[in-house]
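Protein chains in written order, with my numbering: chain A, 1 to 357; chain B, 358 to 713.
Cβ atoms here follow ideal geometry from the backbone N, Cα and C, with glycine treated the same way.
This one's a predicted model, so the numbers in the text were calculated from it and none came from an experiment.
Contents: one structure, followed by commentary.
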Amino acid sequence: MSLLLTDLINLNLSDYTDKAIAEYIWVGGNGMDLRSKAKTLPAPVTDPSKLPKWNYDGSSTNQAPGQDSEVILYPQAIFKDPFRRGNNILVMCDTYTPAGEPIPTNKRNAAAKIFSHPDVAAEEPWYGIEQEYTLLQKNVQWPLGWPVGGYPGPQGPYYCGIGADKAWGRDVVDAHYKACLYAGINISGINGEVMPGQWEFQVGPSIGISAADELWVARYILERITELAGVVVSFDPKPIPGDWNGAGAHTNFSTKSMRKEGGYEVIKKAIDKLGLRHKEHIAAYGEGNERRLTGRHETANINTFKWGVADRGASIRVGRDTHKEGKGYFEDRRPASNMDPYVVTSMVAETTILWKP
Amino acid sequence: MALLSDLINLNLSETTQKIIAEYIWIGGSGMDLRSKARTLSGPVSDPAKLPKWNYDGSSTGQAPGEDSEVILYPQAIFKDPFRRGNNILVMCDAYTPAGEPIPTNKRAAAAKIFSHPDVVAEEPWYGIEQEYTLLQKEVKWPIGWPVGGYPGPQGPYYCGIGADKAFGRDVVDSHYKACVYAGINISGINGEVMPGQWEFQVGPVTGIGAGDQLWVARYILERITEIAGVVVSFDPKPIQGDWNGAGAHTNYSTKSTRNDGGYEVIKKAIEKLGLRHKEHIAAYGEGNERRLTGRHETADINTFCWGVANRGASIRVGRDTEKEGKGYFEDRRPASNMDPYVVTSMIAETTILWKP
């Protein structure tokens with residue numbers, strides 16, 4: 001029976017028709033719940049502006065009242081669909097009222113404004129986002145590989161570890177890596193994390209708004225893959241209290257000026273500005289981050305702002321290469337794994353490029 | 358579930374030039390292998406063309422948190438049997454940002470020895486026989502062994518077949534093909550005397566390549582056991598009592614030992630090794646005293662002896678070598694958890710460079 005089901009799922013429709021399936025993806029009412037539904041297109045499309053707008057029932061995602069429930073989807077970015085393959089696509093969308101106003105949970109719209117400001121565009125801001133996440137067993141809220149009712153051995157062997165006693169869930173991670181490359185996402189690497197059952201992938205360097213589009217679609221692909229694998233993905237920043245690492249979304253950032261000769265001074269000035277707006281950034285860097293940013297487990301305390309070269313206990317870390325070459329990029333280690341990349345990327349650009357103290 | 362394997366097995370060469378490189382290094386304990394992957398813009402076959410990288414040494418016991426970057430220098434490339442396509446495995450060694458090998462980096466010193474002109478001239482070949490034990494995942498007990506008990510005594514298991522004698526062959530066979538695919542010079546496999554214990558051999562490989570290939574073969578083995586849901590142990594005496602230990606016998610020859618008159622060169626080399634027995638033993642793996650008892654096909658750890666076809670000796674010379682007057686010899690002392698960079702370079706150093 002299962003043979004026929006996979007035959008059907010894997011049908012290559014291009015052999016029979018010009019039609020293509022587009023999966024429209026959007027962010028739901030709690031800011032982290034991804035939603036999607038599919039529609040048939042008469043022919044393949046590669047340009048988002050040529051895709052039709054669509055709509056969905058916002059009253060079912062906490063984004064509209066029942067008596068006026070339509071929320072409009074504007075297609076913003078296209079990726080190849082690794083699940084349906086062929087000419088089928090994933091479409092990252094953002095959400096508007098019928099009158100054309102971004103709904104309150106639409107964080108992309110404001111970010112796009114910042115990224116299209118001429119001063120920001122001129123600086124060509126690049127982002128590399130390190131997305132950490134934890135895999136949980138499906139039937140209990142406990143990490144994959146952990147004995148139910150107990151704990152694995154303490155942290156130490158798991159970071160980049162291998163073996164059935166150290167690495168849990170690699171097939172999800174590896175399937176995700178290839179699926180993202182297939183989709184056209186600029187995924188630059190993966191690694192096993194310090195807490196067992198926790199993993200990381202990196203997206204970037206990507207310019208401006210596309211960094212966040214790519215990260216959201218990478219998160220979508222990840223959750224679709226865990227669905228196949230029968231496990232649950234958690235983006236909680238501190239899934240297990242105690243002597244276990246949290247999960248972050250360290251955001252690496254550079255501008256044209258930072259990447260050129262003399263860039264190190266530009267970096268230091270940028271870090272100073274970020275320090276002056278520490279509280280505002282922290283407030284926007286993800287819910288529950290106070291459980292994670294304790295000053296232990298390779299974090300800086302949430303109330304402290306400090307930076308250092310190669311210092312993983314700092315709020316902002318500058319790599320040794322950057323320090324040595326006098327130019328490069330820096331890493332904002334404060335964002336939690338459940339941050340909204342539209343918010344974080346645009347805020348880092350806004351504070352460092354536009355904001356005047 | 359079938360769809361998950363569709364994704365894992367995606368052949369990316371159909372959609373992109375990009376490839377994935379898995380960088381491998383040895384962690385702070387000297388036996389813990391670590392790896393992480395990065396995307397490259399196109400295929401690479403020359404390690405010198407791969408970018409250096411770095412990792413969080415504070416998470417592997419190799420650097421403090423406030424100065425955590427350890428630099429990875431790519432040294433050898435192999436095809437990735439897990440991702441296939443143009444994807445690669447990269448064996449690396451570890452340096453401080455200032456360019457000094459970190460203390461656990463044994464490759465750097467070995468490379469110096471192997472690039473000494475006298476050593477280069479001798480073209481040292483190595484064949485390493487890596488023994489290992491497969492354990493059940495949830496209890497630290499060999500696979501196939503009844504939990505709370507023991508299998509029948511040793512006898513039927515060496516090169517044995519059948520569900521009552523050979524435990525874990527699917528790991529061993531997939532490892533064999535995966536290594537051949539990867540480009541590792543794996544020369545054979547066999548079931549060992551203790552049930553659940555196996556051996557593979559890598560070689561003959563010249564110089565530093567022997568260490569590189571053995572480490573990557575170990576990496577591939579542990580990745581395969583991860584998939585199979587069993588645990589690999591390189592402990593030299595996993596089960597006490599009347600059960601064999603696990604070694605890494607190291608076969609060795611030089612240009613001179615392989616030429617006519619080589620047998621005399623071999624005897625001189627063995628004498629030199631005998632004079633440095635304690636130093637070698639100290640570098641031949643932790644816990645070896647539990648294994649080198651003089652029983653179970655070992656020589657006692659405090660004794661140095663050699664003999665033709667003698668498996669109870671520290672060094673064994675094969676009958677072929679004795680008959681032809683040239684060839685190679687087998688140092689049977691190294692434990693399964695030895696570092697091949699240390700052992701191979703030390704044998705070369707003692708036999709070629711060291712003057713008593």
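Chain A has a Cβ within less than 7 angstroms of the Cβ of B/K375.
Between the segment 542-560 of chain B and the segment 501-517 of chain B there are three or more C-beta pairs closer than 8 angstroms, enough to call the two in contact.
Shown here, B/V528 sits in a helix according to DSSP, grouped into three states.
The Cβ atoms of B/F591 and B/S702 do not sit closer than 7 angstroms to each other.
If you look at A/P75, you'll find it in the beta strand (DSSP E) that goes E70 to K80. Look at the segment 481-562 of chain B and you find these whole runs of beta strand (DSSP E), each 3 residues long or longer: 482-493 and 543-548. Taking B/D688 as the centre and dropping the five residues before and after it, the same chain places the C-beta of T607 and I672 closer than 6 angstroms to its C-beta, in chain order. Between B/R647 and the set B/S531, B/N659 and B/E679, the nearest pair of CA atoms involves B/N659.
The Cβ-Cβ distance between A/I114 and A/S346 falls below 7 angstroms.
Across the segment 576-601 of chain B, CB contacts with chain A closer than 9 angstroms involve Y576, E579, R580, T582, E583, I584, A585, G586, V587, V588 and V589, in sequence order along the chain. Closest in alpha carbon position to B/A405, among B/P691, B/A520 and B/C449, is B/C449. In the assembly as shown, A/N245 is a buried residue. Its beta-carbon has 16 or more other beta-carbons within 10 Å. Pairing B/A394 with B/I377, the inter-Cα distance amounts to about 6 angstroms. Spanning the alpha carbons of A/M195 and A/Y159 requires a straight line of approximately 7 angstroms. Counting only the Cα atoms, B/K625 lies some 59 angstroms from A/Y133. The beta carbon of A/E287 sits closer than 7 angstroms to the beta carbons of N338 from its chain, once the five residues preceding and following it are set aside; these are given in chain order.
Proximity to A/D243 across A/I221, A/G295, A/H250 and A/E261 peaks at A/G295, based on C-alpha coordinates. The C-beta of A/N191 comes closer than 7 angstroms to at least one C-beta of chain B. Contact note: B/E426 reaches chain A through A310, G319 and R320, using a C-beta cutoff of 8 angstroms and chain order. Nearest C-alpha to A/I267 among A/V231, A/S188, A/V232 and A/E331: A/E331. A/D236: not part of any beta strand (DSSP E); DSSP gives it neither H nor E.
In this chain, the alpha helix (DSSP H) harbouring B/E646 covers N645 to R648. Residue pairing by DSSP places A/C93 opposite A/P75 in a beta bridge.
Residue pairing of B/Y430 in beta bridges, as defined by DSSP: B/D450. Positions of the beta strand (DSSP E) runs, each at least 3 residues long and wholly inside the segment 275-349 of chain A, are given as 307-309, 316-318 and 330-332 in order along the chain. The segment 434-447 of chain B and the segment 530-548 of chain B touch, with three or more beta-carbon pairs separated by less than 8 angstroms. Counting only runs of at least 3 residues, the segment 600-661 of chain B fully encloses the following beta strand (DSSP E) elements, listed from N- to C-terminal order: 605-610. Between the C-alpha atoms of B/G387 and B/Y576 there is a straight-line separation of about 13 angstroms. Leaving aside the five residues that flank B/I470 on each side, the residues in its chain whose CB is nearer than 7 angstroms to its CB run, in chain order, V476, S702, A705 and E706. Only those residues of the segment 88-103 of chain A whose C-beta falls short of 8 angstroms from the nearest C-beta of chain B would be listed, and there are none. A residue is called buried when at least 16 other Cβ atoms come within 10 angstroms of its Cβ; B/G682 does not meet this threshold and is exposed. A distance below 6 angstroms between beta-carbons, with the five flanking residues on each side excluded, links A/R334 to the following residues of its chain, in chain order: Y285 and S315. Bridge pairing for A/W199: A/Y133 and A/G192 [DSSP]. Taking a beta-carbon distance threshold of 7 angstroms, A/Y159 counts as an interface residue toward chain B. Residue burial is scored here from C-beta neighbours: B/V589 has at least 16 other C-beta atoms within 10 angstroms and is therefore classed as buried.
Residue-level contact check: A/A218 does not touch chain B, since none of the beta carbons of chain B fall below 7 angstroms from its beta carbon.
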